Amino acid sequence: MVIMKDVLEAAEEVAVKLHKQPESYDPATLKTLDELGTAITCGSVLLCSGTAAESRLIEEVDHTDFSHSAMIVRFHDDPQLYLWTADTVDKMDDQIDKESNPDHPGTHLLVLRDYLANLDKYYPSPDGSKYRFAFAGLQGVEIDEKQLWSVMYEYDGTPFPPTKQEFLHWIEGQVDIDSGMLNSFCAQMVANTYQKMGWLKTEHPPNHYNPGSFAKTVSINRELTGGITLDRPVYFKL
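Numbering-wise, my numbering puts 164 at position 154 of the sequence shown, and it's gapless, one number per residue.
Here it is as structure tokens:
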């Protein structure tokens, strides 16, 4: 286990040095969340480019700009956009009344704007860089809100895994070993939610997927069901 820790730390150091902002990324040209808000559908995937060393490693391994994924949620009688996310944030008001562990065990339904506005505060960058975020819009779905609530409550009490365990679970997923729901990393939860909602095929276990899986929309769309698609990611700002 000590060897694994040393290997991960060495890999993270290399990833930090290799990381570059996408050439096409220009904050001055980005639309705001207010401008895009009405076009963001329930089930769309939020993609974040994190700033920590482990985030840079995820991005380098997957050859994308993203190290965190979560699912955007909107309800028919509520104009607010929410975020269904698995991470280590524990300082924001959760919109789900957790029963088995009210102290934010790792899965949360948060107000999207509040989450994005606080990312750089909760996860300060060691090099002064800021979070980048985008969304991949989900198309072709009629949302069953009762079913969605049921899926979210299945995660009551499910913690976010330590980095080493998160990496091991992802490795297991590459050979289709299902790591279950004892804990859950971000993309694993998005994939599991998609599968339980009937949007994503079950040929691979949820821990097979990583954040970049939902950014590579040409590939992921082959695994979505019934004509459902994810649009190419669109960067935006607050």
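We put the beta carbon where it would ideally sit given N, CA and C, even for glycine. In this text the structure is predicted, and so the values were computed from the model without any measurement.
According to the DSSP assignment, Ser79 belongs to the beta strand (DSSP E) that extends over His78 to Phe85. Per the C-alpha coordinates, the member of Glu109, Tyr125 and Met81 positioned closest to Asp100 is Tyr125. Taking the Cα of Thr203 as reference, the smallest distance to any Cα among Tyr163, Ala225 and Leu129 is reached at Tyr163. For the options Thr168, His118, Ala146 and Ala197, the alpha carbon positioned closest to that of Ala225 is the one of Ala146. The DSSP-derived three-state label of His214 is coil. By the criterion of a C-beta distance shorter than 8 Å, Asp130 is surrounded in its chain by Thr61, Lys140 and Tyr141, once the five residues flanking it on both sides are discounted.
The beta-carbon separation of Leu210 and Leu248, rounded to 29 Å, does not stay under the 8 Å limit for a contact.
Exposed is the label assigned to Ala127, since fewer than 16 other Cβ atoms lie within 10 Å of its Cβ. Per DSSP, the unbroken alpha helix (DSSP H) holding Arg123 starts and ends at Leu122 to Tyr132. The beta carbons of Thr51 and Leu148 sit closer together than 8 Å. Ser59 is bridged by DSSP to Arg142.
Counting of Cβ neighbours within 10 angstroms places Ala197 among the buried residues, the total reaching 16 or more. For the 8 Å CB-CB criterion, Gly53 and Val151 form a contact. A distance below 7 Å between beta-carbons, with the five flanking residues on each side excluded, links Pro243 to the following residues of its chain, in chain order: Leu57, Ala144, Phe145, Ala146 and Ala225. Taking a C-beta distance under 8 Å as the contact criterion, Asn193 and Pro171 qualify as a contact pair.
For Ala225, the three-state secondary structure derived from DSSP is coil.
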